[in-house]
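Residue numbers (this note's numbering), protein chains in the order written: chain A, 1 to 112; chain B, 1 to 112. By construction, the Cβ of each residue, glycine as well, lies at the ideal position given by its N, Cα and C atoms.
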């Protein structure tokens, strides 16, 4: 059993083109014994956003703190603490901080 | 894309023997298009706990609110908002509210 606090895991800058003021913490990733899916925590500063992009694996999202929007093809979805989302495989998406505090959310992905 | 708030999903009493004052919300379950793993939110009232049990699939846990402990074989792990855990396959475990407010946590499991 692994039990930790998310701040035990360092926040790494997301350097992907199109990312602005975003960090990721790999809470349970490929260096852990997690057998099927990975738990990551993102922090997006005010004015920041993830890349608008797509990929074959899904995301399961839970918003912990802050306010933002998920931008999809032809739609925008407002989110705040307590919102959750499923981004289906190959769906275009972007997470954007639309508030004035840090937008903090969990984003889970299947093991590759 | 699915975007909702967790309170949109009804809380169901966990009726399993050994569970006391626990509810579950299946945020993304088998009735959703989630392809690989499921997102559930548990609420444990003060004095309540989940069953002490084991099963072949893992749990990935993130504590949202409250204080509690994860009881395992020969050990107890204190948790609070911001704690996360991996309960590995076949590990004995129990979630217990040791505080005086609701213990709220996410618990993800692989698709069966």
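Task: residue 107 of chain A versus residue 8 of chain A: straight-line alpha-carbon distance, rounded - done: 18 angstroms
- [ ] With a cut-off of 8 angstroms on the beta carbons, I'd call residue 66 of chain A and residue 41 of chain A a contact; round off their distance for me.
- [x] Not confirmed; about 12 angstroms, so no contact.
Task: Residue-level contact to chain B via CB, residue 84 of chain A, 7 angstroms cutoff - done: yes
Open item on the list: Is residue 77 of chain A close to chain B? Criterion is C-beta to C-beta, closer than 7 angstroms.
Closed with: yes
- [ ] Could you tell me whether the stretch 56-74 of chain A touches the stretch 87-102 of chain A, using the rule of 3 or more Cβ pairs below 8 angstroms?
- [x] yes
- [ ] Kindly indicate which three-state DSSP category residue 38 of chain B falls into: helix, strand or coil?
- [x] strand
Task: Top-ranked residue by Cα proximity to residue 49 of chain A, from A:32, A:24 and A:29 - done: Comparing Cα positions, the closest option is A:24.
Open item on the list: What ranges does the beta strand (DSSP E) occupy inside the stretch 84-111 of chain B, keeping only unbroken runs of at least 3 residues that lie completely in it?
Closed with: 93-97 and 103-110
Task: Collapsed DSSP secondary structure at residue 7 of chain B in the structure displayed - done: helix
Open item on the list: List, from N- to C-terminal side, the beta strand (DSSP E) runs of 3 residues or more that fit wholly inside the stretch 44-73 of chain B.
Closed with: 59-65 and 67-72
Task: C-beta neighbour in chain B for residue 56 of chain A, strict 7 angstroms - done: no
TODO: Note down, in chain order, every chain A residue with its Cβ under 8 angstroms from the Cβ of residue 4 of chain B.
DONE: By Cβ distance, chain A contributes 83, 84 and 85.
Task: Residues that residue 78 of chain A bridges to, as DSSP identifies them - done: A:69
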